[in-house]
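Its first residue numbered 6, the sequence shown is counted upward by one per residue in our numbering.
Yeah, the Cβ is synthetic: ideal placement off N, Cα and C, and Gly gets one too.
None of these values were measured; they are calculated from a predicted model.
Before any comments, here is the structure.
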Amino acid sequence: MSLRRAPLLYVFYETSRIREQRELFESVIGVPVIEVEPHLPHHRHGVFKYDAGGIILSHNMSGPSRFRAGESDGMTAVFAVPADWPFDRLRATGMVTEGAGGVFTDAEGRHFRFVPDPEAERATVAELELTVRDLDEAVAFYGGPLGMEPL
């Protein structure tokens with residue numbers, strides 16, 4: 006079965022900054038919340054799921070020791086956003102830094118790019134860009150068992 010034709014795809018982010026991530030995704034990016042399991046502050050666990058189009062983005066609470074400065078998860082979530090989407094508001098939050106090619110990175114190494122789409126009514130994930138060490142190995146894995154196609 007190919008994930009390209011799958012009805013739903015989950016992307017799990019781990020975060021030690023759940024409040025900051027909630028503000029970024031809900032108030033700035035503007036993706037709708039579909040589930041909240043806070044379990045805070047007692048269990049250091051929380052799950053927040055967002056409707057990002059054909060993808061559900063899930064933020065799972067994790068301890069700060071899981072993250073190291075300067076490291077990345079190797080994936081960029083590319084959001085299609087309305088033409089009037091608030092880029093200046095994103096920059097003003099201080100929650101992300103802007104790098105080359107319009108890629109924004111948060112404090113825990115997650116990357117986001119926002120592409121204006123005149124047909125977009127709200128922010129949705131249009132594609133996921135993966136950084137890999139061995140292209141041939143990645144193509145064999147993602148194209149074989151997962152049935153994905155490189156773009």
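Look up residue i in the DSSP assignment and say whether it is helix, strand or coil.
{"i": "residue 88", "result": "coil"}
{"i": "residue 33", "result": "helix"}
{"i": "residue 137", "result": "coil"}
{"i": "residue 7", "result": "Only weak support is given to the placement of residue 7: the predicted model assigns it a pLDDT of 48, under 50, and the question is left unresolved by the model."}
{"i": "residue 56", "result": "strand"}
{"i": "residue 21", "result": "coil"}
{"i": "residue 152", "result": "coil"}
{"i": "residue 42", "result": "strand"}
{"i": "residue 124", "result": "coil"}
Alpha carbon to alpha carbon, how far is residue i from residue j?
{"i": "residue 54", "j": "residue 35", "result": "13 angstroms"}
{"i": "residue 102", "j": "residue 111", "result": "7 angstroms"}
{"i": "residue 7", "j": "residue 149", "result": "Caution is warranted here: a pLDDT of 48 is assigned to residue 7, below 50, making its placement in the model unreliable, and no coordinate value can be reported."}
{"i": "residue 88", "j": "residue 125", "result": "8 angstroms"}
{"i": "residue 151", "j": "residue 14", "result": "12 angstroms"}
{"i": "residue 37", "j": "residue 154", "result": "28 angstroms"}
{"i": "residue 98", "j": "residue 116", "result": "15 angstroms"}
{"i": "residue 114", "j": "residue 79", "result": "8 angstroms"}
{"i": "residue 42", "j": "residue 90", "result": "29 angstroms"}
{"i": "residue 118", "j": "residue 138", "result": "21 angstroms"}
What does DSSP give as the partner residue(s) for residue i in the beta ladder?
{"i": "residue 112", "result": "DSSP output for residue 112 lists no bridge partner at all."}
{"i": "residue 82", "result": "117 and 133"}
{"i": "residue 15", "result": "61"}
{"i": "residue 101", "result": "111"}
Give a yes or no on whether the C-beta atoms belonging to residue i and residue j are separated by under 8 angstroms.
{"i": "residue 120", "j": "residue 131", "result": "yes"}
{"i": "residue 68", "j": "residue 32", "result": "no"}
{"i": "residue 108", "j": "residue 136", "result": "no"}
{"i": "residue 65", "j": "residue 30", "result": "no"}
{"i": "residue 56", "j": "residue 86", "result": "no"}
{"i": "residue 39", "j": "residue 23", "result": "no"}
- request: Give a yes or no on contact between the stretch 88–106 and the stretch 139–154, applying the rule of three or more CB pairs nearer than 8 angstroms.
  value: Here the stretch 88–106 does not lie against the stretch 139–154, with fewer than 3 beta-carbon pairs under 8 angstroms apart.
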